[in-house]
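Peer 1: Numbering (full-length UniProt numbering), first residue to last: 1 to 473.
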Ligand SMILES: [Zn+2]
């Protein structure tokens, strides 16, 4: 097995930083050593196959994006990144594991959905991948199937309080699913927006001729996120189910999560880079149909209501525990443009899987989060939340050698022509400048990106069988 020494860097974990060399043996981290250590009298640099010089750079556990939708069918089209293109883009950006969503649609069987997603991903991924299971049709058969998900390495499932007629579950269905979730140790993930009320508002707005992308954000009002978040929390309280609310974007929704946590409930929240940087006015409200680029749900929030500041604050105070992307890319041409003249027909989603590590590192540069917190919210907590910690999310002996060398003196200009490997015809982050750079990315001991060169290949990525959330024991 090949051996590599990552020497001279500063190893950063969720709990601290230290000057250390990292010895990789095959697919695993073998040792974390004082700089320049010898092992049984051997000079390590001279004994290994490869030395990666990390002098002046950070050595961090590879990013884990626990919320992606590669080639997901939605609104008559399909997310434009395949497992191949999406995981390659993820690798470029320092992410070494994704957790995507297998889907059971209405009228389908859960295990057929999971099998279909295995088929899509197998042999295609550049980095490791796991699955959450979307339950789009809660019935007796799917409730039974949920009990067997842990045997499949799937320790979390997702319900939708939005999208009536597509993925929507009513309160009785949520109650029943959460009962099974509580008994089975599955994490209940929730898209918390009041879909029926939102759909009524969409109909009203369209009837008034308000058809621009901006009104997508108006219709998906924060009140409907707060209300659904609260309802999900109460149903979780009643059933004893652990709850993880995805893509939290509104300040009042965070306050609901914080209150539930103070109350002792196992309630967690995720936010995404778009809710930390982008807004209803600046992006969704862009000239003409441009705003369609940023149509996603939950929507971008008004910059006049302090949502963004509160999101950053909640990342510091741990009211929100981690950052994922909800990567669900669609091209403007042929996909987003299905909604010209009717914002409700714009496929929901933006692509960020490539830029999450950089965008969150900029939060360190800007003094909004600490260096250690950056590692925690992008890698360590996602690993722990979804039952992968120890193997993933940490630089320690025995862990998978998923390692990123990050240069704080480097620079990354995000844009379609500059740094863009996602299969989209625009960048939602065009023009963003990052005061840092992903130099080297190692996935299970193999260097897949080095000095702006891609060295990975499809099929290297393996399916990750996940255990119960490590926050629950
Ligand atoms: Zn999503």
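Think of the CB as a built atom: it goes at the ideal place given N, C-alpha and C, for glycine as much as any other residue.
A quick note: this is a predicted structure, and the numbers were derived from the prediction, not measured.
#1: Is residue 69 close to ligand 1? I mean its beta-carbon at under 7 Å from any heavy atom of the ligand.
#2: Is the separation between the beta-carbon of residue 229 and that of residue 172 shorter than 8 Å?
#3: Within the 8 Å Cβ cut-off, does residue 235 reach chain B?
#4: Count the other CB atoms within 10 Å of the CB of residue 90; is the residue buried (16 or more) or exposed (fewer)?
#5: Pick out whichever of 301, 392, 70, 160 has its Cα sitting closest to the Cα of residue 124.
#6: Can you list, in chain order, the residues of its chain whose CB lies under 7 Å from that of residue 240, leaving out five sequence neighbours each side?
#7: For residue 247 versus residue 188, is the C-beta distance shorter than 8 Å?
#8: Please check the pair residue 398 and residue 134, which I expect to be a contact at CB under 8 Å, by giving their CB distance rounded to whole angstroms.
#9: Between which residues of its own chain and residue 111 is the CB-CB distance below 6 Å, once the five residues before and five after are set aside?
#10: Go through the segment 57 to 92 residue by residue and report every complete run of the beta strand (DSSP E) that reaches 3 residues or more, in order.
#11: Using C-beta distances below 8 Å, list every residue in its chain close to residue 265, excluding the 5 sequence neighbours before and after it, in chain order.
#12: Flag this pair as touching only if the segment 415 to 435 and the segment 60 to 74 have three or more C-beta atom pairs under 8 Å; answer yes or no.
#13: Going by alpha carbons, who is nearest to residue 18 out of 54, 116, 120?
#14: Can you name the start and end residues of the beta strand (DSSP E) that residue 157 belongs to?
#15: Touch check for the segment 355 to 366 and the segment 434 to 448: three-plus C-beta pairs under 8 Å?
#16: Drop a sphere of 10 angstroms on the beta-carbon of residue 455, count the other beta-carbons inside from all chains shown, and report buried for 16 or more, exposed for fewer.
#17: With a threshold of 7 Å, establish whether the CB of residue 99 neighbours any heavy atom of ligand 1.
#18: State whether the segment 43 to 57 contacts the segment 400 to 409, with contact taken as three or more CB pairs (one from each stretch) at a distance under 8 Å.
#19: Which residue wins for smallest C-alpha separation from residue 138, given the options 169, 470, 163?
#20: My output table needs one value for residue 263: the three-state DSSP class, helix, strand or coil.
#21: Buried or exposed: where does residue 379 fall if 16 or more other Cβ atoms within 10 Å of its Cβ makes it buried?
#22: Mind checking which residues open and close the alpha helix (DSSP H) that includes residue 15?
#23: Looking at the secondary structure, which residues open and close the alpha helix (DSSP H) in which residue 174 lies?
#24: Is residue 140 near ligand 1, in the sense that its beta carbon is under 7 Å from a heavy atom of that ligand?
#25: Would you please state the rounded distance, in angstroms, between the beta carbons of residue 394 and residue 94? I believe it to be under 8 Å.
#26: Helix, strand or coil: which one does DSSP assign to residue 238?
#27: Could you give the DSSP three-state label for residue 511: helix, strand or coil?
#28: Any idea which residues DSSP pairs residue 130 with across the strands?
#29: How far does the beta strand (DSSP E) with residue 406 in it reach, from first residue to last?
#30: Say the cut is 7 Å; is the CB of residue 81 nearer than that to a heavy atom of ligand 3?
#31: So who's on the other strand from residue 19, going by DSSP bridges?
#32: With 16 other CB atoms within 10 Å as the buried threshold, where does residue 319 fall?
#33: May I ask you to check if the CB of residue 248 is nearer than 7 Å to at least one heavy atom of ligand 1?
#34: Kindly indicate which three-state DSSP category residue 448 falls into: helix, strand or coil?
#35: I think residue 251 touches residue 290, with their Cβ atoms under 8 Å apart; what is that distance to the nearest whole Å?
#36: Report yes if the C-beta of residue 328 is less than 7 Å from at least one heavy atom of ligand 1; otherwise report no.
Peer 2: According to the data block:
#1: Mapped onto the chain shown, residue 69 falls at position 69. Yes - ligand 1 has a heavy atom lying nearer than 7 Å to the Cβ of residue 69.
#2: Within the chain shown, residue 229 is the residue found at index 229, counting from 1. Within the chain shown, residue 172 is the residue found at index 172, counting from 1. No.
#3: Chain labels in this structure do not include chain B; a single protein chain is all it has.
#4: Translated into the one-based positions of the chain shown, residue 90 becomes position 90. By the 10 Å Cβ count, residue 90 comes out buried.
#5: Here residue 124 corresponds to residue number 124 of the chain shown, with the count starting at 1. Comparing Cα positions, the closest option is 70.
#6: Translated into the one-based positions of the chain shown, residue 240 becomes position 240. 182, listed in sequence order.
#7: Working through the chain shown from its first residue, we reach residue 247 at position 247. Working through the chain shown from its first residue, we reach residue 188 at position 188. Their beta carbons are not under 8 Å apart, which means residue 247 does not touch residue 188 by this criterion.
#8: Looking up residue 398 in the chain shown gives position 398. Looking up residue 134 in the chain shown gives position 134. Going by Cβ atoms, the distance from residue 398 to residue 134 rounds to 32 Å, so no, they are not a contact pair.
#9: Taking the first residue of the chain shown as 1, we reach residue 111 at position 111. Contacts found: 145.
#10: 58 to 61, 63 to 68
#11: Position 265 of the chain shown, counted from the start, is the residue given in the question as residue 265. The answer, listed in chain order, is 233, 236, 237, 243.
#12: no
#13: Counted from its first residue, the chain shown places residue 18 at position 18. Checked all of 54, 116, 120; the closest Cα to residue 18 is 54.
#14: As a first step, residue 157 is located in the chain shown; it is residue number 157 there, counting from the start. That run of the beta strand (DSSP E) goes 156 to 160.
#15: yes
#16: Along the chain shown, one-based indexing puts residue 455 at 455. Flag for residue 455 reads exposed.
#17: As a first step, residue 99 must be located in the chain shown, where it is residue number 99. No - ligand 1 has no heavy atom lying nearer than 7 Å to the Cβ of residue 99.
#18: yes
#19: Numbered from 1 along the chain shown, position 138 holds the residue referred to as residue 138. The candidate whose alpha carbon is nearest that of residue 138 is 169.
#20: Position 263 of the chain shown, counted from the start, is the residue given in the question as residue 263. Three-state DSSP puts residue 263 in coil, outside helix and strand.
#21: Here residue 379 corresponds to residue number 379 of the chain shown, with the count starting at 1. By the neighbour-count rule (16 or more Cβ atoms within 10 Å), residue 379 is buried.
#22: Walking along the chain shown from the start, residue 15 turns up at place 15. Neither: residue 15 is in no alpha helix (DSSP H) and is coded neither H nor E.
#23: One-based indexing of the chain shown puts residue 174 at position 174. Note, residue 174: alpha helix (DSSP H), 171 to 184.
#24: As a working mapping, residue 140 is identified with position 140 in the chain shown. For ligand 1, not one heavy atom lies less than 7 Å from the Cβ of residue 140.
#25: Against the chain shown, residue 394 aligns to sequence position 394. Against the chain shown, residue 94 aligns to sequence position 94. About 15 Å separates the two Cβ atoms, so there is no contact after all.
#26: Here residue 238 corresponds to residue number 238 of the chain shown, with the count starting at 1. Reduced to three states, the DSSP call for residue 238 is helix.
#27: Since the first and last residues shown for the chain are 1 and 473, residue 511 lies out of range.
#28: As a position in the chain shown, residue 130 is number 130, starting the count at 1. According to DSSP, which records beta bridges pairwise, residue 130 is partnered with 99.
#29: Position 406 of the chain shown, counting from 1, holds the residue named residue 406. Counting along the chain, the beta strand (DSSP E) containing residue 406 begins and ends at 403 to 407.
#30: Among the ligands modelled here, namely ligand 1, ligand 3 does not occur.
#31: For the purposes of this step, residue 19 is taken as residue 19 along the chain shown, with counting starting at 1. In DSSP, residue 19 forms a bridge with 10.
#32: Within the chain shown, the letter at position 319 stands for residue 319. So residue 319 counts as buried.
#33: As a working note, residue 248 is residue 248 in the chain shown. Residue 248 Cβ: outside cutoff for every heavy atom of ligand 1.
#34: Residue numbering aside, residue 448 sits at position 448 when the chain shown is read from its first letter. Residue state, collapsed to three classes: strand.
#35: Indexing the chain shown from 1 puts residue 251 at position 251. Indexing the chain shown from 1 puts residue 290 at position 290. Not confirmed; about 26 Å, so no contact.
#36: Numbered from 1 along the chain shown, position 328 holds the residue referred to as residue 328. Checking every heavy atom of ligand 1 against the Cβ of residue 328, one is found closer than 7 Å.
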